[in-house]
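Asks: Here it is, the structure, as structure tokens.
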Amino acid sequence: MFLIENGKSRASSLIEITTVCVDCGIEMGASYDVFRIEITVVVDKLIIYAYFILVKTNYSFERLAEQYILEVVQLHGVPLSIISNRDLRFTFIFWGKLHEALGTKLHFSTTFHP
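If you want the numbering used here, it's the position in the sequence shown, counting the first as 1, plus 13.
Structure representation (structure tokens):
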């Protein structure tokens, strides 16, 4: 993980998650195994921090939530809001697994049915 800092230390309130995909090849003995990794970019817009977290494309949602807790939540706490450019299904499952890993219950609601 790399940390870029440019701003005052204040409580995190707005996190943006973006994913950049790259192709990588790793030579393992006599065989050549090609796999995809992603660089998950977590940006805190309030205090202008950016985290670049390397994850494999085959990581489960539980593993992604654990990585997020280790790399971001451990340092700054749970953000008040997360903006994600991923699809709705990813965001829904990620939030559920994140709260499960934190030991909290997440009760989803719709606009007219709180």
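Backbone N, C-alpha and C define an ideal beta-carbon position, used for all residues, glycine too.
What does the alpha-carbon distance come out to for the pair Ala63 and Trp108?
Replies: Distance between the alpha carbons of Ala63 and Trp108 is about 20 angstroms.
Asks: Quick check: what's the CA-CA separation for Arg102 versus Phe74?
Replies: Going by the C-alpha atoms only, they are around 11 angstroms apart.
Asks: Would the beta-carbon of Ile52 fall within 8 angstroms of that of Leu67?
Replies: Contact flag set, yes.
Asks: Would the beta-carbon of Glu84 fall within 8 angstroms of that of Ala114?
Replies: Not a contact, by the Cβ cut-off of 8 angstroms.
Asks: How is Lys110 classed by DSSP in three states: helix, strand or coil?
Replies: Lys110: helix per DSSP, three-state reduction.
Asks: Taking Cβ positions, are Thr104 and Ser94 nearer each other than 8 angstroms?
Replies: No, the Cβ-Cβ distance between Thr104 and Ser94 is not below 8 angstroms.
Asks: Use the C-beta contact count for Leu77: other C-beta atoms within 10 angstroms, 16 or more gives buried, fewer gives exposed.
Replies: Answer is buried; the Cβ neighbour count reaches 16.
Asks: Just list the residues that DSSP pairs Gly68 with in beta bridges.
Replies: Per the sequence shown, the amino acid found at residue 68 is Val instead of Gly. DSSP output for Val68 lists Glu51 as bridge partner(s).
Asks: Let me know the secondary structure DSSP gives Val91 once reduced to three states.
Replies: Of the three classes helix, strand and coil, the one that applies to Val91 here is coil, per DSSP.
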